[in-house]
């Protein structure tokens, strides 16, 4: 995912009302930009942090600029624009980068299975693989040890719990199912369920793995010019 023009830097003043952030640019200008993230952004919105933002170039938009990434504890970057996540993963799959997800004829986005909607499905000659993607950014805080363990979720997610239950149903019905953690944190060395935040999610994640749902995690390279899935990291259950 390349950015043209490249992303610009600013300083985060505050994130509020979930979808808004105030920033100060290098010339001292203060402006409000769109923050496309429905999560808590725990450890990802420290006041005074450096940020990367994009410019839509559309003066008709109420907030023409968008928050893309925040520099978090220990100098790492976290990608906070969750509307980018599915495209990052789809791009890597279509480029045949993801081991185990190369044999398919067609990729479709936003696919319904029973009463749930998955982010994508891969259609092979005689097999369908349903893929649910999660944006993972919860890393250590400034007072925590820099251990490289990034967690999901950053708040209780009943929707995420339902997705895990439906992924298990996918397997029971004879299809393949993948939960794909798109780890948008440059300090990531591994991923774990955030049991301290949502114990039920962690419980269901382990059940899903035992039931045959494949759990994958890939780390994202983040720069002003591009975001791209760089390498797989282990999932610690």
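In my numbering, the protein residues as written are -9 to 227. Even glycine gets a Cβ: it sits at the ideal position worked out from N, Cα and C.
Reduced DSSP secondary structure (H/G/I, E/B, other) of residue 229: Only positions -9 to 227 of the chain appear in this structure, which leaves residue 229 out of reach.
Just how far apart, CA to CA, sit residue 106 and residue 158? As a first step, residue 106 is located in the chain shown; it is residue number 116 there, counting from the start. As a first step, residue 158 is located in the chain shown; it is residue number 168 there, counting from the start. One C-alpha to the other measures close to 12 Å.
Enumerate, from N- to C-terminal direction, the unbroken alpha helix (DSSP H) stretches of 4 or more residues contained entirely within the region 124 to 205. 148 to 162 and 189 to 201
Residue 101 (DSSP reduced to helix, strand or coil): Translated into positions along the chain shown, residue 101 becomes position 111. DSSP places residue 101 in strand when its eight states are reduced to three.
Which listed residue (71, 220 and 114) has its alpha carbon closest to that of residue 34: Numbered from 1 along the chain shown, position 44 holds the residue referred to as residue 34. For the residues 71, 220 and 114, the minimum Cα distance to residue 34 belongs to 71.
In its own chain, which residues sit with a C-beta less than 7 Å from the C-beta of residue 194, not counting the 5 before and 5 after it? One-based indexing of the chain shown puts residue 194 at position 204. For residue 194, where only same-chain residues beyond five positions count, the Cβ hits under 7 Å are 151, 154 and 155.
Looking at the unbroken alpha helix (DSSP H) that takes in residue 75, where does it start and where does it end? As a working note, residue 75 is residue 85 in the chain shown. Its alpha helix (DSSP H) spans residues 75 to 84.
Out of 62, 122 and 114, state which residue places its alpha-carbon closest to the alpha-carbon of residue 128. Within the chain shown, residue 128 is the residue found at index 138, counting from 1. If we check each option's Cα against that of residue 128, 62 comes out closest.
6 Å Cβ shell around residue 5 - same chain, five flanking residues per side excluded: For this step, residue 5 is matched to residue 15 along the chain shown. So the qualifying residues of the chain are 11, 25 and 35.
Residue from 178, 169 and 113 whose Cα sits closest to the Cα of residue 76: As a working mapping, residue 76 is identified with position 86 in the chain shown. Its Cα nearest to that of residue 76, the residue 169 stands out among 178, 169 and 113.
Reducing DSSP to helix, strand and coil, say where residue 69 ends up. The sequence position of residue 69 within the chain shown is 79, counting from 1. The answer is strand: DSSP assigns residue 69 an E or B state.
Quick one: what's got a C-beta closer than 6 Å to residue 55's C-beta in the same chain, skipping five residues either side? Residue numbering aside, residue 55 sits at position 65 when the chain shown is read from its first letter. Contacts found: 23, 43 and 45.
Please report how far the alpha carbon of residue 2 lies from the alpha carbon of residue 120, in whole angstroms. Counted from its first residue, the chain shown places residue 2 at position 12. Counted from its first residue, the chain shown places residue 120 at position 130. Straight-line spacing of the CA atoms in residue 2 and residue 120 works out to 37 Å.
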